[in-house]
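Shown next, in structure tokens, is the structure this report addresses.
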Amino acid sequence: MKKLLFSFAAASMMLACSSSQSSLSNAQSGPSEDSKLSAVLWQQTSAEYEALCHQAFNAAAYRLAIISNSGLDVIDQETGAAIVDQSSPNKKMAIVMDLDETVLDNSPYNGWLIENNKTYNAESWTEWCNLAKAELVPGALEFIEKSKNQGIKIMYISNRSVDDLEATISNLQNSGITVDRSDVLLKTENSEKIKRREQVMGSYNIVMLIGDNLADFTDAFDQKLSINERKVLIEKYRNDFGKKFIVLPNVMYGDWENTLKSNNNSDYIQNYNAYGLKKYIKTF
Ligand SMILES: [Mg+2]
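In the working numbering, the protein residues as written are 46 to 329.
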């Protein structure tokens, strides 16, 4: 894992699933094969990855039990993430889930990129989506079923393109997840999810958000933030993790690495391995 953390480039080309990822799609050079391999291998082969997924969904299920037993009084409005509309206290409860690396495992796409010495682009990503054969993240299906059995609505907010809606629904259904089109809110114009969360809040009280990227939880993380600013925000929300915010592991890509990119400008794209990234490593 330590090796992984040092291999920032590992995630750099695993840019499958968000607008921030696609911003790197024109990169002419990629990370070393070793570093690319590390992230995908960890997700595909490590039992620790699966354990972390189960840990996340177990925490979510525990939270679900608390909510079911004690009602909406456990939810506050402070963070804007789990809002109770006091004028409609009897709204049905909903859980909002991200899709990629939260419900759907896209590591085969990232493996394909490695195998074919390619970097992410929209065409190959769409090709992968259209196959509709991403397997499920461990524990996701059981949690979704448990939630539904307790009468809680599951809504999916993902930054897959709205053009991939049909394939995405097929993938979920092929995997045993019953879903209506209206349950899946994909990206139309920009990747910020706040408006889609507000759309859900129009009909439901959101009691939990589940994702692999911090922007899945609150728009505070949609801003261009430095490494330290992100960590300061984590302190602010630290009591929400494992409760309202359930985090899935994703070493392959995410805003964590886009933060490095933005700090390092375009040099990050062109010089993954040789330029600059070592300055982020703490040593003794
Ligand atoms: Mg995701």
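Think of the CB as a built atom: it goes at the ideal place given N, C-alpha and C, for glycine as much as any other residue.
None of the values given here were measured: they were computed from a predicted structure.
**OP:** Going by CA-CA distance only, name the one from Ile214, Lys193 and Ile272 that's closest to Ile326.
**Re:** It is Ile272.
**OP:** Check whether the region 218-225 touches the region 243-257, counting contact only when three or more Cβ pairs, one atom from each stretch, lie closer than 8 Å.
**Re:** no
Subject >> Where the alpha helix (DSSP H) through Tyr154 begins and ends >> reply: Ser152 to Glu160
Original post:
What does a CB cutoff of less than 8 Å around Lys232 pick up in its chain, not counting 5 residues either side in sequence?
Top reply: Listed in chain order, the non-local C-beta contacts of Lys232 below 8 Å within the same chain comprise Ser64, Ser203, Asn204, Arg205, Ser206 and Val207, local neighbours out to five positions each way being set aside.
Original post:
CB of Glu146 to nearest heavy atom of ligand 1: below 8 Å?
Top reply: Checking every heavy atom of ligand 1 against the Cβ of Glu146, one is found closer than 8 Å.
Subject >> Stretch pair the region 94-101 + the region 183-198: three plus CB contacts closer than 8 Å >> reply: yes
Original post:
Do three or more CB pairs link the region 136-152 to the region 244-254 at distances below 8 Å?
Top reply: The region 136-152 makes contact with the region 244-254: 3 or more CB pairs, one atom from each, lie closer than 8 Å.
**OP:** Return the first residue and the last residue of the beta strand (DSSP E) that Val229 is part of.
**Re:** Where Val229 is concerned, the enclosing beta strand (DSSP E) stretches over Val229 to Lys232.
**OP:** Reducing DSSP to helix, strand and coil, say where Ser203 ends up.
**Re:** Residue state, collapsed to three classes: strand.
**OP:** Look at the Cβ atom of Val296, then the Cβ atom of Ala84, and state whether they are nearer than 9 Å.
**Re:** With contacts defined by Cβ atoms closer than 9 Å, Val296 and Ala84 form a contacting pair.
Original post:
So what does DSSP say about Met253, is it helix, strand or coil?
Top reply: strand
**OP:** Tell me, please, which residues DSSP counts as bridged to Phe286.
**Re:** Phe286 has Phe290 as its beta-bridge partners, per DSSP.
**OP:** Would you tell me roughly how many angstroms separate the C-alpha atoms of Lys324 and Asn303, rounded to the nearest one?
**Re:** 16 Å
Original post:
Should Ser203 be listed as close to ligand 1, given that the test is whether its C-beta is under 8 Å from any heavy atom?
Top reply: yes
Original post:
From the DSSP output, which residues share a beta bridge with Lys198?
Top reply: Ala139
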